[in-house]
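Position in the sequence shown (from 1) plus 1185 gives the number in our numbering. Ideal placement from N, C-alpha and C gives every residue a C-beta, glycine not left out. Values in this document were obtained by computation on a predicted structure and should not be read as measured data. Each remark here refers to the structure printed beneath this line.
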Amino acid sequence: MKNKFWIAFSAIEETDSTFIHRLYTYFGDIEEAFNANRHDLEQIDGLSVKRAETFLRERDKIDPDKALAAVEDRGVNYVTLEDNRYPKMLKQISDPPAVLYYKGELFDCNLEKTLAVVGSRKSSYHAKEAVSKILSQLNGTDICIVSGLAAGIDTSAHTAALENNLKTIGVIASGFDFIYPTSNKHLYEKIENGGGAVVTEYYPTFQPLKFRFPQRNRIVSGLSYGTLVAEASLKSGALITANLTLEQGRELMCIPGLISNPNTEGIYKLLKNGATLVTEAQDILEALNWEVKPAEQLKIDLSGLSEIEEKILNSIEVEEKNLDEIMAETGIDVDNLLINLTTMELKGIIKQVTGDRYKRT
1186 MKNKFWIAFS AIEETDSTFI HRLYTYFGDI EEAFNANRHD LEQIDGLSVK RAETFLRERD
1246 KIDPDKALAA VEDRGVNYVT LEDNRYPKML KQISDPPAVL YYKGELFDCN LEKTLAVVGS
1306 RKSSYHAKEA VSKILSQLNG TDICIVSGLA AGIDTSAHTA ALENNLKTIG VIASGFDFIY
1366 PTSNKHLYEK IENGGGAVVT EYYPTFQPLK FRFPQRNRIV SGLSYGTLVA EASLKSGALI
1426 TANLTLEQGR ELMCIPGLIS NPNTEGIYKL LKNGATLVTE AQDILEALNW EVKPAEQLKI
1486 DLSGLSEIEE KILNSIEVEE KNLDEIMAET GIDVDNLLIN LTTMELKGII KQVTGDRYKR
1546 T
């Protein structure tokens, strides 16, 4: 069984996928590569003595059978680079993970229609709403949303996917012994239990160290046919993912935002350099040349609204407003307004959003 040698390789923290792939390519057999001696490694052009010595030292601490058992005992699934199930888009990048660990149903996701959605961890309300709106327009289709399970836009993307019956893949920057951020524990569970899959290239015991997050980004874009960037400052992980998308020859798309927001500086730089501007889901479908069956939209009967309800609806036609703003614009007293807002929520005409604001559904 060769899989245990792939697992054993990935259990060495001092190696990376480039090193593993290099040895595998040279020897043509993962078991031979793992068991190579010093003389064997010296024959590989360009392989530094230091890297070879580090590998030999750390390799001798690893028992392949125990490394594999530790993965299986945790209920973690995996696919290796030589497995014919390995995602083909990811295999095409210059540095594909040697092993892709996963929980959930990775192969229930449509890996032929994968869209990465990335952006700032400290995202604005506007950007989160934009992501939610655009993904809601893909409701019920076979598109799979890929993101990094971080705070901010990543969380919004995964949440919107689940709410709209879309499969989603979360790519994490640690092994499965860790959940980061801890606030996303329930999101991890929803994805793993029917919503899609959580994946990582890291052995279960590897911690979410800072340098692993940029490494993780190449997998987010590598799994995907295109990347949609919602917010990105000039020095951000999202911009790194955007650049990786271009390097990998994939489609890059951006959601425009307020020009006064520092987190949109990267967006407008990308747009000026040729990224596709996205304001609705149709823009994504056209950019990627995808055809999907349109989801049935819920039709809400707006006939028979009372005069007060019509005033409220007109007040929030363009943007969401809070209670005081609606009162000032409509002249409706607070008691009547509260009663009608509640009634309209129950009818599904409006909904309450962040900061006690109301918007049309």
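Practice problem: May I ask you to report which of helix, strand or coil DSSP gives Pro1545? | Solution: The residue given as residue 1545 occupies position 360 in the sequence shown. Sequence inspection shows Arg at residue 1545; the Pro mentioned does not correspond to that position. Here Arg1545 sits in strand by DSSP.
Quiz item: Name the DSSP beta bridge partners of Thr1385, please?
Solution: Here residue 1385 corresponds to residue number 200 of the sequence shown, with the count starting at 1. For Thr1385, which the question treats as bridged, DSSP gives the partners Tyr1286.
Quiz prompt | Test item: CB-CB of Val1383 and Val1356 under 9 Å | solution = Counted from its first residue, the sequence shown places residue 1383 at position 198. Counted from its first residue, the sequence shown places residue 1356 at position 171. It is a contact, given that the beta carbons lie within the stated cut-off.
Quiz item: Under the three-state reduction of DSSP, which class applies to Tyr1271: helix, strand or coil?
Solution: Working through the sequence shown from its first residue, we reach residue 1271 at position 86. In this structure, Tyr1271 counts as coil in the three-state DSSP scheme.
Quiz item: What's the gap between the Cα of Glu1504 and the Cα of Ala1254?
Solution: Taking the sequence shown and counting its residues from 1, the one referred to as residue 1504 is at position 319. Taking the sequence shown and counting its residues from 1, the one referred to as residue 1254 is at position 69. Their Cα atoms are separated by approximately 55 Å.
Self-check item: Cβ separation of Phe1363 and Gln1392, assumed to be a contact under 8 Å, to the nearest whole Å
Solution: The residue given as residue 1363 occupies position 178 in the sequence shown. The residue given as residue 1392 occupies position 207 in the sequence shown. With a Cβ gap of about 6 Å, Phe1363 and Gln1392 count as contacting.
Quiz prompt | CB contact flag (Glu1502, Arg1545, <9 Å) | solution = As a working note, residue 1502 is residue 317 in the sequence shown. As a working note, residue 1545 is residue 360 in the sequence shown. Their beta carbons are under 9 Å apart, which means Glu1502 touches Arg1545 by this criterion.
Quiz item: What residues are listed by DSSP as bridge partners for Gln1537?
Solution: Within the sequence shown, the letter at position 352 stands for residue 1537. The partner list for Gln1537 (beta bridge, DSSP) reads Tyr1543.
Quiz item: Of all the beta strand (DSSP E) runs that stay within the bounds of the stretch 1409-1490, which reach a length of 3 or more residues?
Solution: 1411-1414 and 1436-1439
Exercise. From the DSSP output, in three-state form, read off Val1326 for me.
Key: Position 141 of the sequence shown holds residue 1326. Contrary to the premise, residue 1326 reads as Thr rather than Val in this sequence. Note: Thr1326 maps to coil in three-state DSSP.
Exercise. Return the bridge partner residues of Leu1300 from the DSSP annotation.
Key: Here residue 1300 corresponds to residue number 115 of the sequence shown, with the count starting at 1. Per DSSP, Ile1330 and Gly1411.
Self-check item: Proximity below 9 Å, CB of Leu1300 to CB of Tyr1410
Solution: Walking along the sequence shown from the start, residue 1300 turns up at place 115. Walking along the sequence shown from the start, residue 1410 turns up at place 225. Yes. Within cutoff.
Quiz prompt | Residues of its chain near Asp1250, where Cβ-Cβ distance is below 7 Å and the 5 sequence neighbours each way are ignored | solution = As a position in the sequence shown, residue 1250 is number 65, starting the count at 1. Answer for Asp1250: Lys1189, listed in chain order.
Quiz item: Which of the three DSSP states, helix, strand or coil, is assigned to Val1261?
Solution: Here residue 1261 corresponds to residue number 76 of the sequence shown, with the count starting at 1. Of the three classes helix, strand and coil, the one that applies to Val1261 here is coil, per DSSP.
Practice problem: Verify whether the separation of the beta carbon atoms of Val1302 and Trp1191 is less than 9 Å. | Solution: Position 117 of the sequence shown, counted from the first residue, corresponds to residue 1302. Position 6 of the sequence shown, counted from the first residue, corresponds to residue 1191. The answer is no: Cβ separation not under 9 Å.
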